Amino acid sequence: MKLSTVAIVLLTRAFIGELSEALNVTVTPGPVSMCMEGDNITLSCLVSQRKRSSHVLVLRWLYFPTPEDEHLVVRMGMKKSKYYGNYSKHFPQSKFHLWEEMDGQIYHLLILNVSLEDRGNYTCKVQEIRKHRNKWRASSNGTGSMELRVHRIPSTGKADVIWRMFEVQERQLPVCPAPLLQCTEKRDDTNRSSETSLNSYHHHRYQLKHLYQESHVGPNF
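In structure tokens, the structure reads:
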């Protein structure tokens, strides 16, 4: 009888210990990212430290306009089926797009045509589950979050304001990998858009500075 009790206690502790091990979940760019109104931005949920590659991951992207107000953006189930929540569906046009990269290691969330109403915290919740005796059980969990800030650019002096904001962002925000930070600039006069990363920003900044030194006219760098 005593041996049975000891065995039950040990198994219980082992099961609790297994659940206590968390997945490593990181959201980039973060912890804070600034985006211009009207641009597109991609949030990436990076998952590591899985217990078994054979285990299944289920994922949820959540949006919090305030800490107390939670909205389901999208959920990915066991068979990698995607379900977009009521918050995503209330937009007249498609607003969010989820896709997976590197087989369960990175989950991207694309937010289209960012507006001031999209400001707030975005959270990626991941759960690793396994099948045990024909039942699915949770093996580990992980959560990552970031804050999205949106800025409206006035129509007059737009270029100057954008340069100033890049300077502020470069000084105040942590450095993120360039491929993860991608913006889309929209030009009304040509109806064309061009994508640029932080690397191209530094390249254009150098070119402008070089032109300024030659002509002695232009913005003060």
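With mature numbering (1 follows the signal peptide of the UniProt record, and there is no 0) as the guide, the letters of the sequence shown map in order to residues -22 to -1, 1 to 199.
For each residue, glycine too, the CB sits at the ideal point set by N, CA and C.
Only a predicted model underlies this, so the values are computations on that prediction, with no experimental measurement involved.
In this structure Asn2 is exposed. Its beta-carbon is surrounded by fewer than 16 other beta-carbon atoms within 10 angstroms. Setting aside the 5 residues that flank it on each side, Glu48 is surrounded in the same chain by Leu40, Tyr41, Phe42, each with a C-beta closer than 8 Å to its C-beta; the list follows chain order.
At the C-beta level, Leu24 and Gln83 come within 8 Å of one another.
It is roughly 30 Å from the alpha-carbon of Gly63 to the alpha-carbon of Ile131. The stretch 91 to 100 makes contact with the stretch 110 to 129; the number of CB pairs closer than 8 Å reaches 3 or more. Take the alpha-carbon of Glu78 and the one of Lys57: they are about 13 Å apart. Approximately 12 Å separates the beta-carbon atoms of Val51 and Ser72; this is outside 8 Å, ruling out the contact.
Looking at the DSSP output, Phe74 bridges to Ile89.
A residue is called buried once 16 or more other Cβ atoms fall within 10 Å of its Cβ, and Thr6 is buried on that count.
In the DSSP annotation of this structure, the continuous segment of the beta strand (DSSP E) that includes Ser118 starts and ends at 113 to 129. Rounded to the nearest whole angstrom, the C-alpha separation of Trp114 and Ser26 is 21 Å. Between the alpha carbons of Thr4 and Ser133 lies a distance of about 36 Å. Taking every protein chain shown into account, the CB of Asn99 has 16 or more other CB atoms within 10 angstroms, so this residue is buried.
For the options Thr20, Pro45, Tyr61, Met14, the alpha carbon positioned closest to that of Leu37 is the one of Tyr61. Glu106 is bridged by DSSP to Leu35, Ser118. DSSP places Ser66 inside the alpha helix (DSSP H), whose first and last residues are 64 to 67.
The C-alpha of Gly8 is placed about 11 Å away from the C-alpha of Thr20.
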